[in-house]
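First residue of the sequence shown? That's 7 in our numbering, and the numbers climb one at a time after it. Heads up, the beta-carbon is just placed ideally off N, CA and C, and yes, glycines get one too. All values reported here derive from a predicted model rather than from experimental measurement. Have a look at the structure below before the remarks.
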Amino acid sequence: MDIWIENLFNDHRKRSIPGFLIRSTAPINVEDELSTMVDRDRPTIQTIIDCLYQNSKTGNDLGLVIAMHGYNTGFQEGGRDGVLEGWYQPLCTYVNDDPSIHKQLDSLVFLGYRWPSESLKRKGLSTEALKALPLLLGILLYGGLIISIACLVLSIITHSFITVLFAVLGIVPFSIILSLFLLRVSLYFRDSYRATQFGVPDLVELIRQLDHGLVQRKVRDALTDEVLYAKISSKIQDIQDLEKETLIQIIQTISYKLSKKPDLEIDPDDAKFQQFIKTLRYDIPLQLSDEVLIKIVERLVLVESMENDAAMRFWRQHSIKLSFIGHSMGAQVTTQVIRILSDIFDPRSVGAIGNNTSEKILLHGWAEFFG
């Protein structure tokens, strides 16, 4: 996933409902060079996660609103973003000014999602479309035009049926290629392709990362250094005499190394795990035996696993209401995103046809904690 996350407003004024601009960096054309622009704004996906997490502490119903623009919404001349200034900013302002919504402070987060789109007003659009014509189609376009004009002129002079017939034969390929050219410059099918192939996957991945990040944020808030120290040192006799700061540093190092190997099997008999323990000894500030290191790793994994399960239960009980505002082709993006996020192929969601006692349940796949 390659997206930019920016503040929706540049004034940095605190709003009861914060707004962010999510920008997909997929190029307009496959052959285009990658953007050399620098993301100078500092919000990240972690900023959105922190906003949602802090909102969860208020006890209000949580909500995430994602707005999506439609077709023909590329950047305007001078790099002006009409979608940002003409739609997303007014929408977020309206939400913040609405009295019924404003009463529920710290309950919503607004995201304006910008998938790659072109503008009909873009300079050089027709020229690019003509240059993109394959050689054979170009010959048919210009050749058909020249033949049809020449034959029409001759038919006026000679009144010959054959010249009229050749004029028609010239107009047919010209009309077909002209129709393809007009479809090309209308941008509708190109925007539809980009919305489906770029906009949908990027938005799904964003929601998936938010889903995962909320769990990790809850775990990180619960498992402070002090808590980890207490939970681990109390169960392992061999390390109870170590200095607190040293043990905390060892735990932090092991936790970091484990995060880099998510597929590592915690098994003392596994060769990869044995190699992990050996390399771990070079990174910790104190010499410990392999047996003690294994005990620390096993205890740390168990504690983190238990807290991860607790975090998942928390978010199931405090699910976030996910709302979409899709305009024009943005509704197409919304529909496909919902289809992906809803795991309709889970066996538990399939009911027997004609069996009124069999309940069909629409389960959530990737977006487990968004409702």
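Subject >> Own chain residues within Cβ distance below 7 Å of Gln95, not counting five before or after >> reply: Leu14 and Phe15
Original post:
Who are the Cβ neighbours of Ala225 in its own chain at under 6 Å, not counting the five residues just before and after it?
Top reply: Position check: residue 225 holds Val in this sequence, whereas Ala was assumed. Correct list, in chain order: Glu313, Asn314 and Ala317.
**OP:** With a threshold of 16 other CB atoms inside 10 Å of the CB of Ala32, please say whether the residue is buried or exposed.
**Re:** buried
Subject >> Contact check, Ile430 vs Pro122, beta carbons under 8 Å >> reply: With the chain represented from 7 up to 377, any question about residue 430 goes unanswered, as that position is not in the structure.
Original post:
First and last residue of the beta strand (DSSP E) that includes Phe376?
Top reply: It is not in any beta strand (DSSP E) - Phe376 carries neither H nor E in the DSSP assignment.
Original post:
For the beta strand (DSSP E) that contains Leu117, what are its first and last residues?
Top reply: Leu114 to Arg120
Original post:
With distances taken from CA atoms, which of Met74, Lys267 and Trp10 is nearest Gln342?
Top reply: Met74
**OP:** Could you spell out the range, first to last residue, of the beta strand (DSSP E) harbouring Glu12?
**Re:** Ile9 to Asn13
**OP:** Would you mind working out which of Leu70, Leu299, Glu91 and Arg120 sits nearest Gly336, comparing C-alpha positions?
**Re:** Arg120
**OP:** Please classify Gly80: does DSSP put it in a helix, a strand, or coil?
**Re:** coil
Original post:
When the Cβ atoms of the region 291-301 are set against those of the region 249-266, are three or more pairs found closer than 8 Å?
Top reply: yes
Subject >> 7 Å Cβ shell around Ser239 - same chain, five flanking residues per side excluded >> reply: Ile245, Gln246 and Leu253
**OP:** Measure the CB-CB distance between Leu70 and Leu308 and report whether it falls below 8 Å.
**Re:** no
Original post:
For Lys263, which residues of its own chain have a beta-carbon under 7 Å away from its beta-carbon, when the five flanking residues on both sides are left out?
Top reply: Leu286 and Asp289
**OP:** Give the straight-line distance between the Cα atoms of Met150 and Ile213, rounded to the nearest whole angstrom.
**Re:** The question names Met, but residue 150 in the sequence shown is Gly. Straight-line Cα distance between these residues: approximately 51 Å.
Original post:
If you draw a straight line from the alpha carbon of Asp208 to that of Asp197, how long is it in whole angstroms?
Top reply: 15 Å
**OP:** Output the distance between the C-alpha atoms of Val178 and Leu114, rounded to the nearest integer angstrom.
**Re:** 57 Å
**OP:** Please go through the region 109-184 and give each complete beta strand (DSSP E) segment of 3 or more residues, from N-terminal end onward.
**Re:** 114-120
Subject >> Endpoints, the beta strand (DSSP E) within which Ile331 is located >> reply: Lys327 to Gly332
Subject >> Counted within 10 angstroms of its Cβ, other Cβ atoms place Ile162 as buried (16 or more) or exposed >> reply: exposed
**OP:** Can you tell me which of the three DSSP states Ser348 falls into?
**Re:** strand
Original post:
What is the residue span of the beta strand (DSSP E) that Ile72 lies within?
Top reply: Gly69 to Met74
Original post:
For the putative contact between Val206 and Val89, defined by C-beta atoms under 8 Å, what is the C-beta separation to the nearest angstrom?
Top reply: Wrong, their Cβ atoms sit about 17 Å apart, outside the cutoff.
Subject >> Beta-ladder partner(s) of Arg29, from DSSP >> reply: Trp10 and Arg120
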